[in-house]
Structure formats: structure tokens, C-alpha cells
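Structure record follows, encoded as C-alpha cells.
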Amino acid sequence: MNFSEVFRLSGLLCRFSPDGKYLASCVQYRLVVRDANSLQILQLYTCLDQIQHVEWSADSLFILCAMYKRGLVQVWSLEQPEWHCKIDEGSAGLVASCWSPDGRHILNTTEFHLRITVWSLCTKSVSYIKYPKACQQGITFTRDGRYMALAERRDCKDYVSVFVCSDWQLLRHFDTDTQDLAGVEWAPNGCVLAVWDTCLEYKVLLYSLDGRLLSAFCAYEWSLGVKSVAWSPSSQFLAVGSYDGKVRILNHVTWKMITELGHPAAISNPKIVVYKEAQKSPKLGLGHLPFPPPRATSESKYEIASVPASLQTLKPLTDRANPKIGVGMLAFSPDSYFLATRNDNVPNAVWVWDMQKLRLFVVLEQLSPVRSFQWDPQQPRLAICTGGSKVYLWSPAGCASVQVPGEGDFPVLSLCWHCSGDSLALLSKDHFCLCFLETGEGVGLAVRQRDGHT
Amino acid sequence: MGDWMTVTDPESKTLSQYTSETKMSPSSLYSQQVLCSSIPLSKNVHSFFSAFCTEENIEQSISYLDQELTTFGFPSLYEEPKGKETKRELNIVAVLNCMNELLVLQRKNLLAQENVETQNLKLGSDMDHLQNCYTKLKEQLEASRREMIGLQERDRQLQCKNRNLHQLLKNEKDEVQKLQNIIASRATQYNHDMKRKEREYNKLKERLHQLVMNKKDKKIAMDVLNYVGRADGKRGSWRTGKTEARNEDEMYKILLNDYEYRQKQILMENAELKKVLQQMKKEMISLLSPQKKIPRERADDSAGTVISDVEEDAGELSRESMWDLSCETVREQLTNSIRKQWRILKSHVEKLDNQVSKVQLEGFNDEDVISRQDHEQETEKLELEIQQCKEMIKTQQQLLQQQLATACDDDTTSLLRDCYLLEEKERLKEEWSLFKEQKKNFERERRSFTEAAIRLGLEVFLTIVVVSHKISPLGICHLSTVSRCGVTRQCNPEHVCCFLRKKGNTVKIKFFHLQPLTQDCRH
């Protein structure tokens with residue numbers, strides 16, 4: 002495992018290009034494009050204001066930089082550095098900006114979600130979409146980039162519109178039986194749309210591409226409902242994480258729940274491996290105190306805790322809104338074999354579930370709350386960061402805790418994988434660095450002693 | 031009253047013989063009777079009076095009466111004696127007074143007696159009354175006790191009910207509390223969202239206000255250097271009805287593709303599962319078919335069905351292999367046949383189990399069949415043996431270690447030494463044998479080398495030697511003869527030793543270094 006040197010960054014804006022060749026990072030109002038392997042600076046662009054959002058187009062030819070305060074979007078071309086494009090939303094304001102899947106249209110959401118303006122880079126045409134819904138996940142594109150589903154709200158009712166991305170024609174428009182739609186997401190195969198309601202009402206609706214309601218799922222009433230939703234990459238499963246601390250898996254044939262995965266704070270099944278992060282204490286020889294005294298090493302390693310093991314829980318404040326309970330993070334591994342979850346009232350632990358057997362496989366407990374985790378796009382390898390200066394990697398072969406080298410701390414606030422899975426970008430508040438993983442390198446620094454257990 | 035019981039003959043005349051202490055009244059019995067019965071004295075007066083005093087015993091009766099009266103405290107009946115006259119004159123006045131007194135007394139006594147009698151009666155009736163009261167009260171007490179027990183029982187039941195109701199109430203209260211909590215959390219979420227919305231709304235109002243006031247509107251525009259070509263390289267097209275239709279078609283095509291793909295997957299899965307079922311069926315049939323030979327002895331129904339089934343299934347198999355389609359009927363047939371086979375297998379296994387248990391119960395004394403108990407006993411015995419052996423080995427090991435570690439007796443040390451010596455001897459023997467083998471190999475090699483050397487050019491050399499030394503050579507010996515003499519040194523093929531016999535039969539051995547005549551000699 003090699004670490005690159007540390008570069009400046011602002012706003013956690015560091016993105017790999019979709020083709021994996023380049024890496025874009027922002028420092029205040031400058032956009033720096035580097036080569037993804039050598040980290041050599043290839044291009045440097047200057048924007049008019051502090052950049053708040055950066056996005057690559059799908060064909061990796063263009064980058065957009067959005068500056069919400071000024072209501073500006075600037076688009077840069079990699080092939081032609083002198084090409085420029087500036088979109089000014091003016092008095093309409095700007096709250097969100099994203100590319101369309103063909104890489105030639107930009108969708109700007111104006112302030113107060115008054116409308117979505119579709120700017121075209123090919124033609125002079127401009128389209129407007131009225132009444133988009135201001136919710137957690139209101140826009141979703143299919144994986145093949147053909148269709149876009151948009152959540153709308155008119156006259157206190159929720160609707161979903163399906164647009165054809167090639168010509169922005171409205172394909173379908175249907176209302177949903179939700180109180181207050183919170184999110185929409187296409188299945189990876191592009192044929193089913195999952196729609197879920199606000200957390201005050203547990204409801205997950207599944208619509209076919211042509212607008213027919215395939216199924217409605219409601220696990221329970223009254224208590225707080227859906228917190229997070231994730232499709233498995235094979236479109237076989239839909240994982241719904243809710244505030245009661247459980248994940249319910251729906252199958253794609255009957256759209257009924259096949260299992261419920263609970264997150265108890267005490268693990269008693271001996272087949273489950275529990276990794277606990279432990280601080281490595283520096284060894285001091287008796288009678289020989291070195292001068293100057295060594296800095297307390299913040300090295301840590303994983304220890305296999307014996308089952309039954311108990312995890313640290315956090316008692317949430319019940320009289321506040323958006324309580325820190327329930328399954329807030331869900332992610333499937335790229336081969337759909339594993340599901341990684343985080344239960345917000347056990348914030349230090351990441352739970353990895355085996356999807357073939359539909360049971361808990363491994364629990365990783367860190368010393369501080371988990372900030373984010375992401376699966377390697379190519380293989381079942383999970384990278385976790387907790388805000389400390391370490392990055393944690395887990396794979397079925399084992400897990401490792403790696404300290405980011407360098408003087409001073411490097412608090413890893415976020416991370417993102419390269420599309421090939423060979424490198425990992427670690428982002429802190431003001432810096433970022435790249436971590437190169439050797440292909441085929443086993444992550445076996447903490448080998449588990451399973452001895453034939455499956 | 032001084033009741034003195036006398037047993038006297040009232041007709042006896044020896045009254046005077048009796049002293050005053052043992053006062054006996056001749057008619058005391060009668061007098062008592064009269065007192066008790068309180069019969070009026072009128073009838074028996076005469077008889078009574080004549081019984082006590084007669085014409086003859088007047089003086090005696092008077093004196094007796096006087097005595098009695100004086101003892102009772104009455105004044106004497108006699109007059110006061112005048113002079114020395116022994117005979118006392120009867121005082122009539124005193125007698126009459128005494129009689130009066132006695133009558134008064136008698137009346138008093140009768141009255142008293144009546145009173146006492148009435149009191150007695152009263153007490154008697156009171157007693158009866160009290161007895162009745164007592165029994166009544168006892169009954170009441172019993173009744174009230176019973177009632178009390180009944181009431182206690184009821185009270186207990188009611189308390190139980192009360193407890194249950196309390197429990198229910200508690201549960202309901204908990205439920206209510208839970209629901210209230212849920213409602214509270216929902217309420218906070220609602221409030222939070224409402225506040226957020228209101229803030230947004232306020233901002234909107236302000237902005238609207240601003241816009242209304244602001245007349246110069248910033249131009250909303252896009253400024254681009256040049257328009258970029260489309261990603262797919264094609265030209266843009268107008269939006270028409272055709273494009274709409276095309277989009278619809280595309281959408282349905284995608285959906286259909288997805289369904290077809292899924293259907294294919296499911297078909298494949300079905301085919302695999304069917305194959306597995308077929309295989310299972312075949313195996314089950316093969317498992318059950320050996321029964322064809324056995325059931326000659328026993329008239330089992332299952333065997334008969336097995337045979338018939340086997341025939342049936344054979345036919346089915348051939349049929350099914352022709353149709354490998356997912357026909358409803360074919361599917362049903364397959365599942366039904368599998369179920370049948372499975373049932374037969376199950377019954378077969380159950381029968382075997384029964385047989386085994388029957389054998390155990392009857393204590394079947396077949397040599398092949400070992401009863402479970404015997405088996406268990408055997409295993410226990412073996413386990414014990416193993417334990418014992420293990421312990422023995424342990425103790426032996428311990429002893430060995432002790433011996434090695436600590437100082438032992440001379441006998442044992444010498445024995446050990448002998449043992450070691452033996453070991454060493456054996457080792458040496460082995461080495462010696464190895465050594466001998468090696469020697470043999472070397473000799474063989476030497477032989478071959480010397481032969482080669484000899485063949486090629488020794489004669490020349492030797493003739494020279496002979497000439498110089500004037501000694502007749504014995505001959506060129508092979509190294510093998512040399513070795514027999516015990517010389518094993520320098521197994522060098524370049525050396526040749528010649529026997530040079532002198533006169534006197536002494537053998538001299540001389541080593542001659544072979545000169546390399548040709549390169550071919552040495553190898």
C-alpha cells in the first residue's frame with residue numbers, strides 16, 4: 002500500500018473521472034485536474050467564485066463547477082482547455098446542479114426549487130421543469146442513461162415524472178400514494194423505480210418503467226419509518242433501512258420481504274467474527290526512558306473479540322427531530338454478495354451481512370464513530386473512515402487499519418474509490434491524498450481464525 | 031337444723047336410756063316426712079301425738095321435751111324448783127309459750143321452705159332457658175363461621191380478579207404510554223418540518239418582495255464559446271408525435287427485454303430443479319428396488335407397491351424424457367411420483383427401525399446382531415482399557431523422566447550404560463557395514479581402473495623396472511590380491527603395486543606410480 006503526497010483541497014471536492022484517467026480537485030476557486038496515477042497536474046482552471054460542487058460528465062470530457070452563492074455554473078473541457086461555458090441563473094438562484102447522462106445537458110435547480118432548468122450544450126434550447134420536489138433524492142437517472150425520474154409536488158400531492166433523456170420528452174406522469182415523498186431511485190436494470198415516503202410513514206412503492214404500480218410495502222405503522230434505501234447491483238434485492246434499527250430485504254420476483262436484518266448491540270452467535278479496533282500501546286523499556294519521550298503512537302490494530310461481544314451504543318435524545326437511531330447507511334458490494342450497514346445508535350460499528358446466506362457475517366467496531374464507508378467498485382472490499390487519521394479496509398480475507406503517513410494528523414473525513422479499485426482518495430478538510438493498493442494484495446493483516454467456518 | 035338420723039324402734043320403751051348427745055327422737059322419721067311433704071297435720075295428728083306420749087310416759091316425755099327445748103334456747107318447762115323437791119312442777123305458762131313459739135317457728139320455716147322451693151323452681155327454669163340460649167347461640171356461631179368462610183373465599187376471588195384487572199390496567203397504561211411516545215416523536219418531527227417549511231416560505235416571501243421592488247432583472251443566460259456536438263454524434267431532432275411514439279416503443283422494448291431475460295433465468299432454474307428431482311427419483315427407485323428379492327419371505331404390502339411403482343416409473347421416465355416441456359400435467363406427475371417414492375422410502379426406513387427395536391426387545395440371540403446394551407458395555411470396557419493404558423503410559427513416562435533427571439542406583443546406571451553401549455555397538459555395526467559396502471564399491475572401481483591401465487601400457491613400464499632392479503617379478507597383481515593382504519590405503523588407480531618376491535619367500539610390496547602413458551588410462 003502506497004500513499005501519495007498530500008495536496009490541498011477545499012470542500013471535500015475531489016472526484017475521479019468516470020473513465021478513471023483523471024482526478025479533479027478544488028482549492029477554493031481553482032479547479033485542478035490531475036492524472037489519476039501520477040497525480041501530475043494536467044490542467045488548471047479558475048472559476049469566478051468559490052466552488053461548491055464539481056461533477057464530471059459521463060464521457061469524462063467536461064467538468065462542471067457550480068457556485069451556488071453567485072448562481073453560476075462554469076463548464077470546462079478537457080480536450081480543449083480554452084473552451085469555456087458559463088451559465089448564470091441570475092435572480093433565480095441556484096441550489097443544485099448536475100449533468101444529464103449524455104454529458105451534454107446541465108440540470109440546474111433554482112432556489113426554492115421553483116424549477117429545474119435544462120441547459121443544452123449542443124443547441125440553444127432551454128427546457129424548464131416546473132414544481133420539482135425539494136426532497137432527499139428527487140432526481141434519479143437510469144444506469145444506461147435513458148430515463149430520468151423526477152419527484153414533483155402539485156396541490157399538496159406527490160407525482161413522479163419520467164423523462165426520456167435524449168429529447169427531454171415526458172414519457173410518463175403518475176401520482177404516488179405517498180404522504181410526502183422523500184426519494185426515488187431506479188433499479189440498476191432500469192425497469193423498476195423505488196419510491197419511498199417520509200420517515201413519518203413507512204411506505205415503499207415500486208413502479209414499473211411504464212408507470213404501473215407493482216407493489217407497495219409497509220412494515221409497520223406509526224413509528225418512524227424508512228431512513229435509507231439501496232438497490233443491489235444485480236437488481237435482485239432492495240434493502241430498506243428504517244428507524245427501528247432493522248433492514249428489510251425485498252426480492253425482485255414477488256416484491257415481498259424475504260428477511261429482516263436486526264442490529265442488536267450484543268452479538269452472541271459464535272459464527273460471527275467481531276473485529277474491534279484497539280489502540281497499540283507503545284512499548285517502553287523498563288529503566289530506559291528515551292529522551293525526548295516518544296509521541297504516543299496512534300497506531301491501532303484490529304483484534305478479534307470473543308463472542309459474546311457487546312458494542313457501544315448511543316442513547317439518542319428522544320425529544321429531538323431526526324433522532325440518531327435506525328439504519329442510516331446502506332451499501333451493497335459490487336457482486337451483491339455483501340451488504341454493509343450502519344445502525345446510527347451503534348455509531349462505531351459497521352455490520353457486514355452475507356447476502357447468500359442472509360445472515361450477519363462480520364462486525365467491525367472502531368474507536369470513533371464511522372463517518373462513511375464505500376465498497377471497492379470491482380471486488381468485495383470495504384473502505385471505512387471515522388474522522389481519525391486512519392483508513393480501514395475489510396475484505397473476506399481479513400481487515401487492516403492503516404495509518405495515513407505524514408507529519409501531523411490527517412483526519413480522513415471522506416473517501417472515494419477509483420473505478421478500477423486500484424486506488425482510494427482520502428479527503429480531509431483541507432487536504433487529500435491518494436492511497437494506491439496493489440492489485441491482488443490480500444488485506445490480511447488481521448487474519449481471522451475461522452478454521453473452516455463458512 | 032340438727033337432723034340426727036336415728037334408727038330406733040318407735041315402739042321401744044327404753045327411751046330414757048339414751049343420752050342427750052345421741053338424741054334420738056322416736057318419731058324423728060315421721061317428723062321429717064311431715065316437714066318435707068308438708069301434709070297438713072290434721073289427719074295424722076292423733077296418731078302422731080299418741081305415738082310420742084302416752085298415759086304412762088308423761089313425766090319422761092315432759093323431761094325429754096324440756097331437755098330439747100332448753101337445748102333450743104327455750105325457757106324450761108318446769109317451774110323453778112322450790113325447796114329440795116325432786117319432782118318439778120310443770121309450768122303451764124312456759125309450756126304454752128313454748129308451744130306458741132314453736133308454732134311461730136313452724137310457720138316461719140314453712141314459709142322459708144316455700145320460698146326456697148319457688149327459688150329452686152325459678153333457678154331450674156332459668157337453667158333451662160340458659161341451656162336453650164346456649165344451644166341457639168352455638169348454632170348461630172356455627173352458621174356465622176360458615177358464612178365467614180364463604181365470604182373469605184369470595185373475597186379471595188375478588189382480590190384475584192382485582193389483581194388481574196390491575197395488571198391489565200398496567201398493560202394498557204404502558205401501551206398508552208408507548209403510543210404517546212410515538213405520537214410525541216411524530217409531533218416533534220412534524221413541528222420541525224413545519225418550522226423548516228415556514229422559514230422557507232418566509233424567505234420566499236422576502237425574495238418575492240425583493241423581486242417586485244427590483245425592476246432591473248439580471249439577465250439569465252448562458253454564455254458559451256461554441257456549441258458542442260452531441261455525445262452520440264447524431265443531429266438533434268424535433269419533438270414530434272413520432273418521437274413520442276418512438277419513445278413509448280423504446281420503453282416497452284426495454285421492459286419486455288427485462289421480462290424475457292428474467293423468464294429465461296427462471297426457466298433455466300426450473301430445468302435444473304427438474305433435473306435434480308428426476309435424479310432424486312431415479313436414485314430413490316434404485317434404493318428401493320433391491321427389495322424385489324427379499325419380500326418373498328415376508329408378505330409386505332410395501333414391497334408389492336415398490337415393484338409396481340418401479341414399473342410405473344420406468345414407463346413414466348420414458349414418457350417424460352420425450353416431453354421435456356413444462357406442462358402442467360408433466361410437472362404434477364413428477365412431483366406426485368417423487369412424493370410417492372419418498373413415502374415408500376420413509377415407510378421402509380420406519381419398518382427397519384421397528385425391526386431393530388423389536389430385535390432389541392426380544393433379545394434376539396443372533397451372532398450377527400449385537401444388542402445395543404452389549405455394544406454399549408463393550409464400548410465402556412474398551413474405554414476403561416484405554417484409560418488404563420493411557421495412565422500406564424503416563425506413569426512409565428514419568429518414571430523414565432525421573433530416572434533421566436535424578437541420580438539413579440548403580441545397578442540401574444550400569445544397566446543404562448549397557449543399554450547405551452549396546453545402542454552404540456549397533457550403530458557402529460551399521461556404520462561398519464556401510465563402510466564395508468563402500469569399500470567394496472571402491473575396490474570394484476579400482477579393479478576396473480587397474481584393468482584398463484594394465485591393458486594399455488604397463489608391460490612396457492614393468493620391463494624397464496625389471497631390467498633396472500634385476501629381480502624377477504612375480505607378476506602384475508591386481509589390486510584385489512593386494513587388498514586381501516589387508517592393504518587398503520591409497521585406493522588410487524594410479525598406483526600399482528607389484529609383488530616382488532625375493533628368495534626366501536618374503537614378499538615385498540612396492541608401490542609404483544602409474545605414469546600417464548595415454549590420457550585414456552585414467553578415468
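Going line by line, the protein sequences match chains S and L.
Just add 1 to the spot in the first sequence (first one is 1) and you have this note's numbering.
Just add 30 to the spot in the second sequence (first one is 1) and you have this note's numbering.
The beta carbon of each residue, even a glycine, is placed where N, CA and C say it ideally should be.
Model, not experiment: these values are computed from the prediction.
Just to confirm the assignment, what range does the beta strand (DSSP E) spanning residue 363/S have? Residue numbering aside, residue 363/S sits at position 362 when the first sequence is read from its first letter. 360-366 is the span of the beta strand (DSSP E), which, as asked, contains residue 363/S.
Does the beta-carbon distance from residue 300/S to residue 137/S come in below 8 Å? Position 299 of the first sequence, counting from 1, holds the residue named residue 300/S. Position 136 of the first sequence, counting from 1, holds the residue named residue 137/S. No.
Just the C-alpha distance for residue 402/L and residue 314/L, rounded to the nearest angstrom, thanks. The count along the second sequence starts at 1 and reaches residue 402/L at position 372. The count along the second sequence starts at 1 and reaches residue 314/L at position 284. Distance between the alpha carbons of residue 402/L and residue 314/L: 29 Å.
On a Cα-Cα basis, can you pick out the residue from 167/S, 388/S and 243/S that is closest to residue 414/S? The sequence position of residue 414/S within the first sequence is 413, counting from 1. Checked all of 167/S, 388/S and 243/S; the closest Cα to residue 414/S is 388/S.
For residue 390/L and residue 424/L, what's the separation of their Cα atoms in angstroms? As a working note, residue 390/L is residue 360 in the second sequence. As a working note, residue 424/L is residue 394 in the second sequence. Using only the alpha carbons, I get a separation of about 40 Å.
Please classify residue 314/L: does DSSP put it in a helix, a strand, or coil? Here the question's residue 314/L lines up with position 284 in the second sequence. Note: residue 314/L maps to helix in three-state DSSP.
Decide if the region 312-319 of chain S is in contact with the region 186-198 of chain S; the criterion is three or more beta carbon pairs, one per stretch, under 8 Å apart. no
Tell me the residue span of the beta strand (DSSP E) that contains residue 426/S. Here residue 426/S corresponds to residue number 425 of the first sequence, with the count starting at 1. From DSSP, the beta strand (DSSP E) with residue 426/S extends over 424-428.
For residue 36/S, which of 221/S, 353/S, 29/S and 61/S has the nearest alpha-carbon? Here residue 36/S is taken as the residue at index 35 of the first sequence, counted from 1. When only C-alpha atoms are compared, the closest one is 61/S.
Have a look at residue 12/S and residue 29/S and give me their C-alpha separation to the nearest angstrom. The count along the first sequence starts at 1 and reaches residue 12/S at position 11. The count along the first sequence starts at 1 and reaches residue 29/S at position 28. Using only the alpha carbons, I get a separation of about 8 Å.
For residue 239/L and chain S, any beta-carbon pair shorter than 8 Å? The residue you call residue 239/L lines up with position 209 of the second sequence. With 8 Å as the cut-off, residue 239/L does not count as an interface residue toward chain S.
Could you spell out where the beta strand (DSSP E) holding residue 405/S opens and where it closes? Working through the first sequence from its first residue, we reach residue 405/S at position 404. Segment: none, residue 405/S is in no beta strand (DSSP E) and carries neither H nor E.
Mind listing the chain S neighbours of residue 194/L? Cutoff is C-beta to C-beta under 7 Å, in chain order. By one-based count along the second sequence, residue 194/L stands at place 164. Going along chain S, no residue has its Cβ under 7 Å from residue 194/L, so there is no contact; the nearest lies around 28 Å.
Using beta carbons (cut-off 8 Å, strictly below), is residue 113/S in contact with chain L? Indexing the first sequence from 1 puts residue 113/S at position 112. Closer than 8 Å to some Cβ of chain L, the Cβ of residue 113/S qualifies, so yes.
Label residue 134/L either buried or exposed according to how many other C-beta atoms from any shown protein chain fall within 10 Å of its C-beta, with 16 as the threshold for buried. Taking the second sequence and counting its residues from 1, one reaches residue 134/L at position 104. With fewer than 16 Cβ atoms within 10 Å of its Cβ, residue 134/L is classed as exposed.
Consult DSSP for residue 513/L and reduce its assignment to one of helix, strand or coil. Looking up residue 513/L in the second sequence gives position 483. The predicted position of residue 513/L is uncertain, since its pLDDT is 38 and thus under 50; a value taken from the coordinates is nonetheless stated next. Residue state, collapsed to three classes: helix.
Is the separation between the beta-carbon of residue 243/S and that of residue 254/S shorter than 8 Å? By 1-based counting over the first sequence, the position of residue 243/S is 242. By 1-based counting over the first sequence, the position of residue 254/S is 253. Contact: no.
Identity of the residue in 270/L, 260/L, 241/L and 363/L nearest residue 93/S by Cα: On the first sequence, position 92 is the one that residue 93/S refers to. Nearest option by C-alpha distance: 241/L.
C-beta neighbour in chain L for residue 99/S, strict 8 Å: Taking the first sequence and counting its residues from 1, one reaches residue 99/S at position 98. Not closer than 8 Å to any Cβ of chain L, the Cβ of residue 99/S fails to qualify, so no.
Assuming residue 394/S and residue 382/S make a contact with CB atoms under 8 Å, what is their CB distance in whole Å? Here residue 394/S corresponds to residue number 393 of the first sequence, with the count starting at 1. Here residue 382/S corresponds to residue number 381 of the first sequence, with the count starting at 1. Residue 394/S to residue 382/S, Cβ: 6 Å. Contact.
Quick check on residue 206/L - is its C-beta less than 8 Å from some C-beta in chain S? Within the second sequence, the letter at position 176 stands for residue 206/L. False, the Cβ-Cβ gap to chain S never drops below 8 Å.
Following the continuous alpha helix (DSSP H) through residue 389/L, name the residue where it begins and the one where it ends. Taking the first residue of the second sequence as 1, we reach residue 389/L at position 359. Start and end: 358-392.
Let me know if residue 20/S comes out buried or exposed under the rule of 16 or more other beta-carbons within 10 Å of its beta-carbon. Here residue 20/S corresponds to residue number 19 of the first sequence, with the count starting at 1. By the 10 Å Cβ count, residue 20/S comes out exposed.
Based on Cα-Cα distance, which residue from 75/S, 200/S and 122/S lies nearest to residue 323/S? Residue 323/S sits at position 322 when you count from the first residue of the first sequence. Taking only the C-alpha atoms, the option nearest residue 323/S is 200/S.
Would residue 88/S be called buried (16 or more neighbouring beta carbons within 10 Å of its own) or exposed? Here the question's residue 88/S lines up with position 87 in the first sequence. Residue 88/S comes out buried.
Does DSSP put residue 379/S in a helix, a strand or coil? Position 378 of the first sequence holds residue 379/S. Coil at residue 379/S, not helix or strand.
My output table needs one value for residue 425/L: the three-state DSSP class, helix, strand or coil. The sequence position of residue 425/L within the second sequence is 395, counting from 1. In the structure shown, residue 425/L sits in a helix (DSSP, three-state: H, G or I).
Hey, does residue 203/L have any beta-carbon neighbour from chain S nearer than 8 Å? As a first step, residue 203/L must be located in the second sequence, where it is residue number 173. No - not a single Cβ of chain S is within 8 Å of the one on residue 203/L.
Buried or exposed for residue 56/S, please, with buried defined as at least 16 other CB atoms from any protein chain shown within 10 angstroms of its CB. Looking up residue 56/S in the first sequence gives position 55. Buried: at least 16 other Cβ atoms inside 10 Å.
When you compare the CB of residue 77/S with every CB in chain L, is at least one pair closer than 8 Å? Residue 77/S sits at position 76 when you count from the first residue of the first sequence. Closer than 8 Å: no.
Which residues does DSSP pair with residue 48/S in a beta bridge? Residue numbering aside, residue 48/S sits at position 47 when the first sequence is read from its first letter. Per DSSP, none; premise fails for residue 48/S.
Please list the partners that residue 222/L has in chain S, where partner means a Cβ-to-Cβ separation under 9 Å. Locating residue 222/L in the second sequence gives position 192, where the first residue counts as 1. Those within 9 Å of residue 222/L in chain S are 321, 322 and 323.
List the endpoints of the continuous beta strand (DSSP E) containing residue 88/L. Along the second sequence, read from residue 1 onward, the residue named residue 88/L stands at position 58. Not the beta strand (DSSP E): residue 88/L falls in the alpha helix (DSSP H), residues 88-102.
Can you tell me which of the three DSSP states residue 483/L falls into? Mapped onto the second sequence, residue 483/L falls at position 453. Here residue 483/L sits in helix by DSSP.
Among 185/S, 148/S and 180/S, which has the Cα closest to the Cα of residue 170/S? To locate residue 170/S, count along the first sequence from 1; it is residue 169. Looking at the Cα atoms, 148/S is the closest of the given residues.
Comparing the C-beta of residue 277/L with each C-beta of chain S, is any distance below 8 Å? Residue numbering aside, residue 277/L sits at position 247 when the second sequence is read from its first letter. Closer than 8 Å: yes.
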